[in-house]
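Line order of the protein sequences matches chains A and B.
Start counting the first sequence at 1; every next residue gets the next number (our numbering).
Start counting the second sequence at 1001; every next residue gets the next number (our numbering).
Only one structure is covered here, and it is reproduced in the block below.
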Amino acid sequence: MSKTTEQVRKSLKARYSSEKRFRAFGITAVAFGLLAVVVLFTDIISKGTSAFVETYIQLEIHWDPEELGIDDPTDPDQINVADYDALIKAALRERFPEVEGRLDRRALYQLVSSGAGFKLRDQLAANLDLLGTTQTQWLLADDDVDIFIKADVEDRQSKRLPEVARPWVEALERDGQTDIQWNASFFSHGDSREPEQAGVWAAVTGSFFTMLVTLALAFPIGVAAAVYLEEFAPKNRFTDFIEVNINNLAAVPSIIFGLLGLAIFINLFGLPRSVPLVGGLVLTLMTLPTIIISARASIKSVPPSIREAALGMGASRMQMVMHHVLPLAMPGMLTGAIIGMAQALGETAPLLMIGMVAFIVDIPGGPLDASTVLPVQIYLWADSPEASFVALTSAAIMVLLAFLITMNTLAVLLRKRLERRW
Amino acid sequence: METAQKLNDTAQTNPAARMAQEPETMNQRIPYPERTIGKPLCDDPKMSMRNVDVFYGDSQAIYGVDLDIGKNEVIALIGPSGCGKSTFLRCLNRMNDTIDICKVKGSFMLEQDNIYDPKLDVVELRARVGMVFQKPNPFPKSIYENVAYGPRLHGLANKKFELDEIVESSLRKAGLWDEVKDRLDQPGTGLSGGQQQRLCIARSIAVSPEVVLMDEPCSALDPIATAKIEELIDELSGQYTIAIVTHSMQQAARVSQRTAYFHLGRLIEVNDTNTVFTAPEHALTEAYITGRFG
């Protein structure tokens, strides 16, 4: 055995062990990351799933015109302002005749959600024949009842439901007069002070409009800027300066963009507060650097030989860019846009500055209606004292993640389609 | 300082610029001729260039070159690496316009038209003077689209069948038709290197140019593919004027009628190919073709 071979053998051992060590580090890091994701998802899903269903209470509603205060059923005004809560209170008194005293009665009335009367109103407006009849109705329960019913029996002691109301709820449960149903209002309502009536749909549409504005502005502007800087701009001090500034902008904290939006778009241009249009403009400013940088990188990666070939065939610079450079760079640009949009979708801070944190109940109908967005809604609910909002927060996070995954999947599919054209 | 930086940037992408910065150490003992030896001019020129100087920033890449390219002839431009032959070739269809710091002086005539006339459209020029590059660079599109790109760009074919005809005849001329006729819709980038280069030739002759410039078209190919391209050049030589830059003296000898020898930016000698390779007049030419440097 020669001396060299011996030397090599000695060093081999150290080399192998360092390789093993490195691999172990890698596996640990990946495992740690996966564990974190699993913990996060289990936590969110375990907390959030209960918000997708809610508790209903069965009551015998007697549609008494006198109690309602309706003497002329053909008058829509009377139908609108009638006291439907009185019907519910009467039904509750009837179900629990033993409850007496002002305080106990008040606790009794609070078993049913304060929004339950609207359901009765809608029913009556649709069918005036109900007046005078008696009917079995499933009415939305209050959030305290909801939490109590959903909780395991041994956990119920710790819930917020008043001591006096517990036997009533248990009685209802025993008689099969409680039911847990799919929470459709979560996906159709806006925000509410009552957790059982709060929904995420206003925030989803708000996010949708905001993203629409952001995408419609940031992508074309970003791509145009990148194309100009890469293909047309002369390389001089001025363009270097612009490049440095774009890179710097990418690192600016997002709340600064919010302040900028507040000062420029709202104070200077007089655009309305809390609207997706302004939110989209602010997020456009925020995502532009990301999109420009990634678009420039993907334009740079188009081989120069393709450019020469196009120019050699007599294409103008514009044609070269449009026919060859952009199609080849498009997948990379889309990746950048996805990253930018994902960032924008999850952004809260700049939107707080332009008033999208307001309490908004109505579903926005367009980018000029006041609205909020999903991450801000999550922030608002996480900040609310009622215990039911914990589940709502997690459920909203799940919706946000689903929104994000859908968006990314769409973009990836789009990219695949473009790539297939080699 | 700034110019030097720019020069460096260009040097990475352009071989001629790289050359221009190198000190002139090669065979300083042999003096340059005062004017080009042999027959740089001809009676019936397709293109004629006079007093051509090319600069990359502050350094000069080509010094006072006079050269005619005859009608339907194949002229080979040879010389050691970085002697300015590619730079010269790229001046002929203004491909050097794309390099910011490149300055071109002198007169360039394509028949009666001044190539560097500001009124002359570079798009029209490049339709008349096509180019094939060193590395095969088909577009990442189908074979059909590759060939159809030029005719479409210049509006040479209005109907589908006209375009089909142009594509077929161009591919036939490039000797590629039989190999690809069943897969015209497949990507041009999926062909072999030699096929890709022939596709690029087909693409450039699809617009029926008057002159085809070839910048070392075979340097990235194996001998068999090279032989095919050379055959093709031979066949095309009757219909097109071809200027070919090559590193291979054998190739120059095989395909060209005239050969021009460049040395460090100067055109040393132009003669019939036979003369250049059998009885070079200038000592530098002789030194190059006998392999003393290059």
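We treat Cβ as the ideally placed atom computed from N, Cα and C, and that holds for glycine.
Beta-carbon neighbours of A:PRO234, restricted to chain B and to distances below 8 Å: What A:PRO234 touches in chain B: ASP1100.
Validate contact between the region 6-23 of chain A and the region 155-171 of chain A using beta carbons, cut 8 Å, 3 pairs: Segments in contact, no.
Chain-ordered neighbours of A:LEU374 on chain B, where CB pairs are closer than 7 Å: Correct list: empty, because the minimum Cβ distance to chain B is about 39 Å.
Check: A:LEU271 C-beta below 7 Å from any heavy atom of the ligand HEM: Because no ligand of any kind appears in the structure shown, any question about the ligand HEM cannot be addressed here.
One or two residues paired with B:SER1142 in a DSSP bridge: Its beta-bridge partners are B:PRO1187.
Close Cβ partners of B:ILE1244 (< 6 Å) along its chain, the five nearest in sequence each way excluded: Contacts found: ALA1076 and MET1214.
Proximity test, Cβ basis, 8 Å: B:GLY1082 and chain A: Closer than 8 Å: no.
Proximal chain B residues relative to A:SER305, where beta-carbon distance stays under 7 Å: Annotation: Cβ neighbours of A:SER305 in chain B (cutoff 7 Å, chain order): PHE1133, LYS1135 and ASN1137.
DSSP state of B:GLN1021 mapped onto helix, strand, coil: Any reading at B:GLN1021 is ruled out, since the residue's pLDDT is 44, under 50, leaving its predicted position unreliable.
Simplified DSSP state of B:TYR1032, which is helix, strand or coil: Reduced to three states, the DSSP call for B:TYR1032 is coil.
For B:PRO1151 and B:ARG1090, the rounded distance between their alpha carbons: Approximately 22 Å between the Cα atoms of the pair.
Chain-ordered neighbours of A:MET330 on chain B, where CB pairs are closer than 9 Å: Result: empty, since nearest Cβ-Cβ is about 12 Å, beyond 9 Å.
Neighbour-count burial assignment, A:LYS425, 16 or more Cβ in a 10 Å radius: Outside the shown range of chain A (1 to 422) lies residue 425 of chain A, about which nothing can therefore be said.
Environment of A:THR220 [buried if 16+ CB atoms lie within 10 Å]: The residue you asked about is not Thr; residue 220 of chain A is Pro in the sequence shown. With a threshold of 16 other beta carbon atoms within 10 Å, A:PRO220 falls short and is exposed.
Per-residue contacts from B:VAL1123 into chain C (C-beta, under 8 Å): Protein chains A and B are contained in the structure displayed, whereas chain C is not.
Beta bridge counterpart(s) of A:ALA29 as assigned by DSSP: Beta-bridge pairing links A:ALA29 to no other residue.
With 16 other Cβ atoms within 10 Å as the buried cut-off, status of B:ASP1222: Exposed.
7 Å Cβ shell around B:GLN1195 - same chain, five flanking residues per side excluded: Within the same chain, B:GLN1195 has close Cβ partners LEU1176 and GLU1179.
DSSP beta-bridge partners of B:GLY1049: Before going on, a small fix: residue 1049 of chain B reads as Met here, not Gly. The partner list for B:MET1049 (beta bridge, DSSP) reads B:LEU1067 and B:PHE1108.
Segments of 3+ residues assigned as beta strand (DSSP E) that fall wholly inside the region 53-107 of chain A: Complete beta strand (DSSP E) runs here, min 3: 53-62.
Local conformation of B:ASN1137 per DSSP, three classes: Coil.
Alpha-carbon spacing of B:ARG1128 relative to B:CYS1102, whole angstroms: Taking the straight line from one Cα to the other gives about 22 Å.
Same chain, Cβ closer than 6 Å to B:ARG1172, neighbours up to 5 away in sequence not counted: Same-chain partners within the cutoff: there are none.
Member of A:ILE405, A:LYS416 and A:PHE389 whose CA lies at the smallest distance from the CA of A:LYS47: Per the Cα distances, A:PHE389.
Stretch pair the region 1251-1260 of chain B + the region 1066-1085 of chain B: three plus CB contacts closer than 8 Å: Taking 8 Å as the limit for Cβ pairs, the verdict is that the region 1066-1085 of chain B does touch the region 1251-1260 of chain B.
Cβ shell of A:ASN408 (< 8 Å), same chain only, five flanking positions each side left out: Contacts found: ILE338 and ALA342.
Straight-line Cα distance separating A:ALA358 from B:PRO1138: Straight-line Cα distance between these residues: approximately 57 Å.
Residue environment, A:GLY261, which counts as buried when at least 16 other CB atoms sit within 10 Å: Classification for A:GLY261: buried.
Check whether B:THR1241 and B:ILE1115 have beta carbons under 8 Å apart: Taking 8 Å as the cut-off, the Cβ atoms of B:THR1241 and B:ILE1115 do not count as close.
Chain-ordered neighbours of B:GLY1150 on chain A, where CB pairs are closer than 8 Å: Contacts between B:GLY1150 and chain A, judged by CB atoms closer than 8 Å, involve MET313 and GLY314 in chain order.
Exposure of A:ARG273, with buried meaning 16 or more beta-carbon neighbours within 10 Å: A:ARG273 should be labelled exposed.
Boundaries of the alpha helix (DSSP H) in which B:ASP1272 is found, first to last residue: It is not in any alpha helix (DSSP H) - B:ASP1272 instead sits in the beta strand (DSSP E) that spans 1266-1272.
C-beta contact flag for B:GLY1106 and B:MET1049 at 8 Å: Cβ distance < 8 Å, so B:GLY1106 and B:MET1049 count as in contact.
Delimiting residues of the alpha helix (DSSP H) encompassing A:ALA203: Start and end: 201-227.
Buried or exposed by the 16-neighbour rule on C-beta atoms within 10 Å, applied to A:GLN197: A:GLN197 comes out buried.
Beta-carbon gap between B:SER1170 and B:ALA1206 smaller than 8 Å: Taking the C-beta atoms as reference points, B:ALA1206 is found nearer than 8 Å to B:SER1170.
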